[in-house]
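This report concerns only the one structure given below.
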Amino acid sequence: MQTYVILRRGGWQSADDLHEAAARSTAEGERMGDDVRWIRSYVLAETDGTVGTVCVYQATSPEAIRRHATAADLPVDEIVKVADTVIVRPDPAPVAA
Amino acid sequence: MRAALAGDLEDVVAGHGRLVFLEGEAGVGKTAVLRLFLQSQKATSRVHEGACDPLFTPRPLGPFVDVAASVGGELQRVVAADGKPYEVATALTHYLAGREPTILVLEDVHWADEASLDVLRLLGRRIERLRALVLATLRSDELTRTHPLRVVMGELASSSAVARRQLAPLSLAAVTQLARSTGFDPGALFARTGGNPLFLTEVLAAGGTEIPATVRDAVLARVARLTPGARDAVEKLSVIPYELLEVPADDLAECLDSGLLTPTATAVAFRHELTREAIEESLRPDSRAALHRQALRSLESLPAEARDPARLAYHAEGAGDRGAVQIHAPRAASRSASLGAHREAVAQYARALRFGDQLSELASAKLLERLSFECYLTGEFDRALEAQAAALEHRRRLGDPVGEGDALRTYSRLLRYTGRVDEAFAAAHAAVRQLEPTPGRELAMAYSNLSHLYMSSEDAAPTVEWAEEARALAEQLGDDESLVYALGNTAQLAIIAREPGAAERIAELFERSCAAGLDEHAGRTFVMRVWWAPRGRSYAEADEHLEEGLEYCESRGLDLWRLYLLAYRARACLDRGIWDEAVNAARLVIDDQRSSPMPRIVALSVVGLVRARRADPDVWPVLEEAWRLASSTGELQRIEPAAVARAEAAWLEGRPELVEAEVVAALGLARARHREWIAGELAYWRWRAGGLDTDPELDTHPEIEGPFGLQMSGQWELAAAAWDELDSPYEAALARADGDEGAQRRALDELTALGARAAAAIVARRLREQGAQGVPRGPRRSTRASPAGLTARETDVLELLAEGFRNAEIAERLFLSRKTVDHHVSSILRKLMARSRGEAVAAAARIGLLEDR
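Protein chains in written order, with numbering that gives the first Met the number 0: chain A, 0 to 96; chain S, 0 to 852.
Below, the structure is given as structure tokens:
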């Protein structure tokens, strides 16, 4: 599998919308586990009040990511392949917590 | 898990068949869960079971032989008559279509032979309509990325009637519970066994104070505590099938008491395959060989109809018995081949050849030729070529000119498949020279082969010339196959050149092939009918033959042609803007190891283009692969799809300077062959990339007809209308992008709706540069993927459908041809999985497609 970053800018009206989407995403991700693995996401506070995400996935192809998005009804703006990972510090505790 | 399975069964009772893959690591308890579930259901449902063998080379159709024995009737007759996978699937479908709900259990399908996997695939595609719950168990840890079962599961993945259920190992809490009355530390026990129930059972049964390192150690510890007689019995049973062995009752009872063996309906079996493996591996090599010898002798003494050649070959190799391998492996191979289990046939022929250093020249040549043919059928083209080359050497030493000439002809065909076209021509001519002194069927086939090579290079005169030689000789000999082969080449040439009457010739050829029982040639006619449609995008007619062809090839196991047809579907969907479906069809071609380079090039080009148009990553690895397969062949049909895809991808990435290199060779070839559509398409990309300045005469060539020519001469409106008429929304949008601001804004909307992010960005930039207001900085916010993946145009058609308009009326309102609307409607029905227009509208309303309109 390859690692990809997926941009979903301003995809949801509210955090609640996003929570529902996350549940669908998890369910679909389990069904497609051979092709797609969700690693983590950062939730974006967009300037217009909507909510977006930057997601890190592992997948067998860009099409697999799109199939997953269609099945879970998630927007996809851009898929970028990750060439390397540089971890300076572990993720801080969740911002909202 | 049992609750989930019970839910699946309820669906079945309600009339919706289900295929469930029950997955988990070895020893996680799949069989145990299955047994409990079946016990609770036996009263209400018919149950049939089949299992796949853990043999290195499984017997063909193994699990369905078991099932047929308990089902009887038509299915048993088909299996007993060595039916092909599609015949078995059809008989099974008839049986499962009955009123009574049926549970069909297929155990350990990760070991299934190729023929069984084909049956499973066909069954999975029809399961929704059957009143059956098919439960297929498999070890998830055996499912490597290239495992053939994965291809089958991938193809069925989109069906809502197919589900995968994972069985997880035991949790720490459960392990703690189990360890309570023992002296083991629950944490250590959990860490070592990973919660694997089989491992845990073995550890607990072995006793002692230390936790064994592996399941194997735990099993052997348990064996070590048996009395010598019982130990001898399990060791023998680890190699020799129970029904061939007489085990003293006391010893058998002890083995059963120990839990190493469990009783089954008619015999006893190891508690788990891992148990058997552990014991077999612990045997000394000489005693293992002796046991294989004993099994071999016992099997050989059975009556002929009870002897399974795959088992005989397995034990013959285990016994190291050269003579027995020579007898049984080729038999097992030809049986596997005739049942459609070609991978198993390859393994059996290879087994025979491993022990074949004392064979005669002729016997070696024959084995190698059969190995070569089976490798070709499984898509192992390099290995097929290697075996055929070796066979050719043996034929040469035999001094048999006809055999050598015929082997050369086959060698030539394989060389072409792998793209070594120059060598293929050399071998084809050599075959003709070799055979001309003895005119017979072999020579007629050699003429046809040469004609085929010229046809593939689209070189008309010699195609006809050699086909004519073949036809004359074939008619004189009364040989159907070489005649049909020759006629096929010229008919295909007529299709490429768009000669009037070509379609009728192909239809006649189909009838003739069917009448002569030549399925392979009959299947080829479907490829002929659709393969050239992308040139000129005459999809409406070609589509009529696509579904029929897929059905024909699927139901006769003609996988080579089926994959060609799928590659065509990928290309046709790409051109009509149905990109998800294009990629799905292409993926089936790419993932299937049986795909030959030709359909593979098309599929790779489609995937690469869709990625490039969406501005997705990983464009070039697939396009490089397509180019690698195409570039050296000199065949336009291979080079053109790869060259066009690479030119467009380079342009979309803003690297127009690369386009010239991609198109120049293909353009020369297309011009030499007078293939105007392709020449136009290639010249168009050169023009797009700014190549007009470098060679004005060539690019404004008057012979570039159709929409490409219109676009290059600045008539974007006419070009867009032509593309609309050809149902090519992406190209129509690109044409409008060359127009005034209004047209450009429309193009931007259309490209965004298609998900064509790369071209949309180019158009947006163009608009901004012209000073247009309110153009977003790149189409950042793509809309959520349309449910069911309908295109913008299909959504328009759907709206009118919902208002009750007929196709002719819709055509009038949307300014489309009737044919185009027909196509949109059938595409909508397919995507919404609806059988009628009413159902489609209802489905669209349900998923919110019609809400906000």
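We put the CB at the ideal spot given by N, CA and C, even for glycine.
Q) When you compare each of Ala-92(A), Met-31(A), Ile-78(A) to Thr-2(A) by their alpha carbons, which one comes out closest? A) The residue you call residue 2(A) lines up with position 3 of the first sequence. Selected option, being the one with the closest Cα: Ile-78(A).
Q: May I ask you to report which of helix, strand or coil DSSP gives Phe-36(S)?
A: Walking along the second sequence from the start, residue 36(S) turns up at place 37. In this structure, DSSP gives Phe-36(S) a helical state, which the three-state scheme calls helix.
**Q.** Length of the line joining the Cα atoms of Val-840(S) and Thr-69(A)
**A.** Along the second sequence, read from residue 1 onward, the residue named residue 840(S) stands at position 841. Along the first sequence, read from residue 1 onward, the residue named residue 69(A) stands at position 70. Between Val-840(S) and Thr-69(A), the alpha-carbon positions lie close to 20 Å from each other.
Q) Nearest to Arg-8(A) by alpha carbon, out of Ala-82(A), Ala-63(A), Asp-47(A), Glu-19(A)? A) Position 9 of the first sequence, counted from the start, is the residue given in the question as residue 8(A). Comparing Cα-Cα distances from Arg-8(A) to each of Ala-82(A), Ala-63(A), Asp-47(A), Glu-19(A), the minimum goes to Asp-47(A).
Q) With burial defined as no fewer than 16 other Cβ atoms inside 10 Å of the residue's Cβ, what is the status of Gly-339(S): buried or exposed? A) In the second sequence, counting from the first residue as 1, residue 339(S) sits at position 340. With 16 or more other Cβ atoms within 10 Å, it is buried.
Q | Gly-123(S), DSSP secondary structure in three states | A | Numbered from its first residue, the second sequence carries residue 123(S) at position 124. Gly-123(S): helix per DSSP, three-state reduction.
Q. Near Ala-732(S), what residues of its chain come up, given a Cβ to Cβ distance below 6 Å and the 5 sequence neighbours on each side ignored?
A. Counted from its first residue, the second sequence places residue 732(S) at position 733. Scanning its chain for C-beta atoms nearer than 6 Å, with the 5 sequence neighbours on each side dropped, one finds around Ala-732(S) the residues Ala-746, Glu-749, Leu-750, in chain order.
Q: Return the chain-ordered ranges of every beta strand (DSSP E) run that is complete within the segment 54 to 95 of chain A and spans a minimum of 3 residues.
A: DSSP assignment within the segment 54 to 95 of chain A yields the following whole beta strand (DSSP E) runs of 3 residues or more, N-terminal first: 77 to 80.
Q) If we call anything under 9 Å between Cβ atoms a contact, is Glu-680(S) one with Glu-716(S)? A) Working through the second sequence from its first residue, we reach residue 680(S) at position 681. Working through the second sequence from its first residue, we reach residue 716(S) at position 717. In this structure, the beta-carbon distance from Glu-680(S) to Glu-716(S) does not fall below 9 Å.
Q.
Does Arg-836(S) come out as helix, strand or coil in the three-state DSSP assignment?
A. Locating residue 836(S) in the second sequence gives position 837, counting from the first residue. Of the three classes helix, strand and coil, the one that applies to Arg-836(S) here is helix, per DSSP.
Q: Measure the alpha-carbon distance for Ser-371(S) versus Thr-409(S) and round it to whole angstroms.
A: As a working mapping, residue 371(S) is identified with position 372 in the second sequence. As a working mapping, residue 409(S) is identified with position 410 in the second sequence. Roughly 10 Å separates the two Cα atoms.
**Q.** Three-state class that DSSP yields for Gly-51(A) in the structure shown
**A.** Residue mapping note: residue 51(A) aligns to position 52 of the first sequence, counting from 1. Residue state, collapsed to three classes: strand.
Q.
Distance cutoff 9 Å, beta carbons only. Does Ile-78(A) sit that close to anything in chain S?
A. Within the first sequence, residue 78(A) is the residue found at index 79, counting from 1. So, interface residue.
Q | Ile-827(S), enclosing alpha helix (DSSP H) - first and last residue | A | Residue numbering aside, residue 827(S) sits at position 828 when the second sequence is read from its first letter. Its alpha helix (DSSP H) spans residues 817 to 830.
Q) How about Leu-142(S): is its C-beta nearer than 9 Å to some C-beta of chain A? A) Taking the second sequence and counting its residues from 1, the one referred to as residue 142(S) is at position 143. Chain A, which has a Cβ nearer than 9 Å to the Cβ of Leu-142(S), makes this yes.
Q | Contact belief for Pro-61(A) with Arg-610(S) at Cβ below 8 Å, rounded distance in angstroms | A | Translated into the one-based positions of the first sequence, residue 61(A) becomes position 62. Translated into the one-based positions of the second sequence, residue 610(S) becomes position 611. About 6 Å separates the two Cβ atoms, so the contact holds.
Q. To which residues does DSSP link Leu-857(S) through a beta bridge?
A. Nothing can be reported for residue 857(S): it is not among the residues displayed for chain S, which extend from 0 to 852.
Q. How long is the line joining the alpha carbons of Ala-14(A) and Gly-28(S), rounded to whole angstroms?
A. On the first sequence, residue 14(A) is found 15 positions in, with the first residue counted as 1. On the second sequence, residue 28(S) is found 29 positions in, with the first residue counted as 1. Taking the Cα positions, Ala-14(A) is about 41 Å away from Gly-28(S).
(Q) Going by the DSSP bridge assignment, what does His-47(S) pair with across the sheet? (A) Residue numbering aside, residue 47(S) sits at position 48 when the second sequence is read from its first letter. Per DSSP, Leu-103(S).
Q: Could you check the C-alpha separation between Thr-56(S) and Pro-308(S) for me, to the nearest Å?
A: Residue numbering aside, residue 56(S) sits at position 57 when the second sequence is read from its first letter. Residue numbering aside, residue 308(S) sits at position 309 when the second sequence is read from its first letter. It is roughly 11 Å from the alpha-carbon of Thr-56(S) to the alpha-carbon of Pro-308(S).
**Q.** Outcome for Ala-521(S) when other beta-carbon atoms lying within 10 angstroms are tallied against a minimum of 16
**A.** One-based indexing of the second sequence puts residue 521(S) at position 522. Answer is buried; the Cβ neighbour count reaches 16.
Q.
For a cutoff of 9 Å on Cβ pairs, would you count Arg-66(A) as touching chain S?
A. As a position in the first sequence, residue 66(A) is number 67, starting the count at 1. Arg-66(A) counts as touching chain S.
Q) Of all the residues that make up the segment 0 to 12 of chain A, which are near chain S by a beta-carbon distance shorter than 8 Å? A) Per Cβ criterion, the list reads Gln-1, Tyr-3, Arg-8, Gly-9, Gly-10.
**Q.** Cα-Cα separation between Ala-671(S) and Asp-726(S), rounded to whole angstroms
**A.** Sequence index remark: in the second sequence, residue 671(S) carries index 672 (1-based). Sequence index remark: in the second sequence, residue 726(S) carries index 727 (1-based). Using only the alpha carbons, I get a separation of about 29 Å.
Q | Whether Arg-613(S) touches Arg-756(S) by CB criterion (9 Å) | A | As a first step, residue 613(S) must be located in the second sequence, where it is residue number 614. As a first step, residue 756(S) must be located in the second sequence, where it is residue number 757. Contact annotation: Arg-613(S) and Arg-756(S) have beta-carbon atoms nearer than 9 Å.
Q. Using a C-beta to C-beta distance shorter than 7 Å, which residues of chain A count as neighbours of Pro-62(S)?
A. Here residue 62(S) corresponds to residue number 63 of the second sequence, with the count starting at 1. Near Pro-62(S) there are no residues of chain A at all, since even the closest Cβ is about 23 Å away, more than 7 Å.
Q. Would DSSP call Ile-210(S) helix, strand or coil?
A. Position 211 of the second sequence, counted from the start, is the residue given in the question as residue 210(S). Coil, per DSSP.
**Q.** Residues near Ala-288(S) in its chain [Cβ-Cβ closer than 6 Å; skip 5 each side]
**A.** Numbered from its first residue, the second sequence carries residue 288(S) at position 289. The answer, listed in chain order, is Ala-318, Gly-319.
Q: Could you name the residues of the same chain whose beta carbon sits closer than 7 Å to that of Phe-183(S), not counting the 5 residues immediately before and after it, in chain order?
A: Taking the second sequence and counting its residues from 1, one reaches residue 183(S) at position 184. Taken in chain order, the residues that qualify are Ile-210.
Q) Who are the near neighbours of Leu-363(S) in its chain, counting only those whose CB is closer than 7 Å to its CB and skipping five residues on each side? A) For this step, residue 363(S) is matched to residue 364 along the second sequence. Residue identity differs from the one stated: residue 363(S) is Ser in this sequence, not Leu. The residues are Gly-355, His-393.
Q.
Just checking: is the beta-carbon of Pro-598(S) within a distance shorter than 9 Å of some beta-carbon in chain A?
A. If you number the second sequence from 1, residue 598(S) lands on position 599. Answer no: the Cβ-Cβ gap between Pro-598(S) and chain A never drops below 9 Å.
**Q.** Cα-Cα separation between Leu-6(A) and Arg-65(A), rounded to whole angstroms
**A.** The residue you call residue 6(A) lines up with position 7 of the first sequence. The residue you call residue 65(A) lines up with position 66 of the first sequence. Each residue's alpha carbon lies about 12 Å from the other.
Q) Can at least three beta-carbon pairs, one atom from the segment 339 to 352 of chain S and one from the segment 369 to 385 of chain S, be found at a separation below 8 Å? A) They touch, by the three-pair rule.
(Q) Measuring straight from C-alpha to C-alpha, what distance separates Arg-382(S) and Glu-368(S)? (A) As a working mapping, residue 382(S) is identified with position 383 in the second sequence. As a working mapping, residue 368(S) is identified with position 369 in the second sequence. CA-CA distance, Arg-382(S) to Glu-368(S), rounds to 11 Å.
Q.
When you compare the CB of Ala-156(S) with every CB in chain A, is at least one pair closer than 9 Å?
A. For the purposes of this step, residue 156(S) is identified with residue 157 of the second sequence, where counting begins at 1. Chain A, which has a Cβ nearer than 9 Å to the Cβ of Ala-156(S), makes this yes.
**Q.** Tyr-3(A) - partner residues in DSSP beta bridges
**A.** For the purposes of this step, residue 3(A) is taken as residue 4 along the first sequence, with counting starting at 1. Under DSSP, the beta-bridge partners assigned to Tyr-3(A) are Tyr-56(A), Lys-80(A).
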